[in-house]
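Numbered by UniProt numbering, the letters in the sequence shown go through residues 1 to 449 in order.
Heads up, the beta-carbon is just placed ideally off N, CA and C, and yes, glycines get one too.
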Amino acid sequence: MTSHLIYPSTNLNAIEQLEIVGGEGIYVVDSNGKQYIEGLSGLWCTGLGYGNEELVETAARAMKQASFSHLFAGKFHRPAVELAEKLHELMPVNNASVFFGNSGSDGNDTLVKLINYYADATGQPQRRKIIARERSYHGITVAAASLTGLPANQKHFGLPVDALGILRTHAPHYYRGQQGSESEDQFVDRILADLEAQILSEGPETIAAFIAEPITGASGVIVAPESYYPKLTALLKKYGIWFWSDEVITGFGRTGNVFGCTTMGAPEPDLMTTAKQLTSAYFPLSAVAVRGDIHAAMLEQCGQVGIFGHGYTYSGHSTACAVGLKTLEIYQRDGIYQNAAERGVKLQAELAKFADHPMVGEVRGKGLIAAVEVVANKETRAEFAGGDGANRVLKHAQDNGLLLRNTGGSALAFCPPMIITDEQIDDIIDKFGDALDKSFAELTAEGLI
Ligand code: PMP
1 MTSHLIYPST NLNAIEQLEI VGGEGIYVVD SNGKQYIEGL SGLWCTGLGY GNEELVETAA
61 RAMKQASFSH LFAGKFHRPA VELAEKLHEL MPVNNASVFF GNSGSDGNDT LVKLINYYAD
121 ATGQPQRRKI IARERSYHGI TVAAASLTGL PANQKHFGLP VDALGILRTH APHYYRGQQG
181 SESEDQFVDR ILADLEAQIL SEGPETIAAF IAEPITGASG VIVAPESYYP KLTALLKKYG
241 IWFWSDEVIT GFGRTGNVFG CTTMGAPEPD LMTTAKQLTS AYFPLSAVAV RGDIHAAMLE
301 QCGQVGIFGH GYTYSGHSTA CAVGLKTLEI YQRDGIYQNA AERGVKLQAE LAKFADHPMV
361 GEVRGKGLIA AVEVVANKET RAEFAGGDGA NRVLKHAQDN GLLLRNTGGS ALAFCPPMII
421 TDEQIDDIID KFGDALDKSF AELTAEGLI
């Protein structure tokens, strides 16, 4: 440890020490030689797990060939061109064109800017507002954190930026959002009625896009009720509002389909953000997509104003793009999407068995992403003070050799590498079940249940 390192997304005064020094497959190893299942794929990103030689060699070869190569001012290179073509083929965005960056956050910042660029290009400068949901996570840069619906990422940071015109609507989180005895359908109708009222009071002509993670990841793995997306689709269509699918976690197989919007029956995206599993985290890379006609409008605008004034030094870094291409090739060649879909069915079925546990409020998920919500009281759904219940389980799971993450305060998230086997899922379940039982025994003895 050093006192000269500022840790990201950490309680700076209570840093848990766990030094990870290596990894192989779905496992990582700490500095004492203890092995853990990486139950969250690092930060929802190592889809192919650790120690993939093919990706390492691809990166090394790309670096040897051209240690740096960019896309500014007409320069180009094969990896970026081929990856753009590949994404165009894969993404369910009509005639998609892509822009590369380095992270999910900068990808979302890019799309905020492109929404504004398009508004100017098409002579409708008022059409730039974006609707985002509560409890959403869209990243941490200034525009992305303004889209994010979590107070901790905004308070004390001077955010959200008002000039961005971001509007906030309900999260489709029935378990935490249900009022009285309303059914799932009644809940959906209520939150979408509120959304429609908001659209009308703001003026539909002022609203450009609605951004959503098909399954909300970092703030608790929230899975919308079945009727939510079909009704949302109709509503957005009625008012000509674009659907912006933030697939930073749900992209590339995680939910049982290549993209989460397909799994959830979400609207066909007009805009899409991807990162993380695009390179299985072997190299930082994001790719955002816009519909072909949006790109066409940008070309026209650029013809009038000259340079398109947006781009990062590492937009389309040649090594990143080569690693991205190889990752997508492996996903397809080795049946990783299929494996995620099949193993996902097992993971969900096994986790569902914990629903009756006295400390479990809800189990939810799709494919290889899931959460178990830990509660102090099943009836009232009350959480343990300070996240103590979920954190207790987390600690026991870690002792048992299973790394998970507490998301949204009380939801333990599961998101293992997509190369996982049935036996390894059984191992996760055993380790987790034991952690849950130990925590329950302790909390009961302490009079906290
Ligand atoms: N969007 C979503 C849905 C995310 O989950 C994340 C990160 N977890 C981001 C954006 C931001 O990505 P990054 O951390 O790479 O900036």
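Check                                                                                                                   : Outcome
Cut-off 6 Å between Cβ atoms - residues of its own chain near A84, not counting five sequence neighbours on either side : V98
Alpha-carbon spacing of residue 451 relative to F68, whole angstroms                                                    : This structure cannot settle anything about residue 451, because the visible part of the chain is limited to 1 through 449.
Assigned exposure category for I6 - 16 Cβ within 10 Å defines buried                                                    : exposed
Cβ shell of S439 (< 6 Å), same chain only, five flanking positions each side left out                                   : R392, V393 and H396
A218 in three-state terms, based on DSSP                                                                                : coil
Complete alpha helix (DSSP H) runs within the segment 142–195 (minimum length 4 residues, chain order)                  : 142–147 and 174–177
Check: V142 C-beta below 7 Å from any heavy atom of ligand 1                                                            : no
C-alpha distance - K113 paired with F252, whole-angstrom precision                                                      : 25 Å
Counted within 10 angstroms of its Cβ, other Cβ atoms place K326 as buried (16 or more) or exposed                      : buried
Beta bridge counterpart(s) of D30 as assigned by DSSP                                                                   : I20
Helix, strand or coil at A212 [DSSP, three-state]                                                                       : strand
Distance cut-off 7 Å: Y282 Cβ against heavy atoms of ligand 1                                                           : no
I330 beta carbon near ligand 1 (any heavy atom closer than 7 Å)                                                         : no
Straight-line gap, I425 to M418 (C-alpha atoms, nearest Å)                                                              : 11 Å
Proximity below 8 Å, CB of D106 to CB of Y312                                                                           : yes
Inter-residue CB distance, A143 and N102 (contact presumed, cutoff 8 Å)                                                 : With 8 Å as the limit, A143 and N102 do not qualify as a contact, their Cβ atoms being about 15 Å apart.
Range of the contiguous beta strand (DSSP E) that encloses N406                                                         : R405 to T407
Local conformation of D334 per DSSP, three classes                                                                      : coil
C-alpha distance - E38 paired with D422, whole-angstrom precision                                                       : 15 Å
Host beta strand (DSSP E) of G101 (start-end)                                                                           : S97 to G101
Expected contact under 8 Å - CB spacing of M359 and L235 to nearest Å                                                   : Not confirmed; about 37 Å, so no contact.
Top-ranked residue by Cα proximity to V375, from H170, G260, G292 and I449                                              : I449
Any non-hydrogen atom of ligand 1 closer than 7 Å to I249 Cβ                                                            : yes
Uninterrupted alpha helix (DSSP H) stretches inside the segment 24–97 (no shorter than 4 residues)                      : 41–44, 53–65 and 78–90
Beta strand (DSSP E) segment containing D246, residue limits                                                            : W242 to D246
8 Å Cβ cutoff met for I15 and D30                                                                                       : no
Separation of R128 from F76, as counted between CA atoms                                                                : 31 Å
Pair within 8 Å by beta-carbon distance, A355 and V345                                                                  : no
Closer than 7 Å: G367 CB and nearest ligand 1 heavy atom                                                                : no
The segment 230–250 contacting the segment 201–216, beta-carbon criterion three pairs below 8 Å                         : yes
Spatially closest choice to E53 from K276, Q17, N153 and I330, by CA coordinates                                        : I330
Y314: CB within 7 Å of a non-hydrogen atom of ligand 1                                                                  : no
Given L232 as reference, the closest of A275, P8 and H170 once Cα atoms are compared                                    : H170
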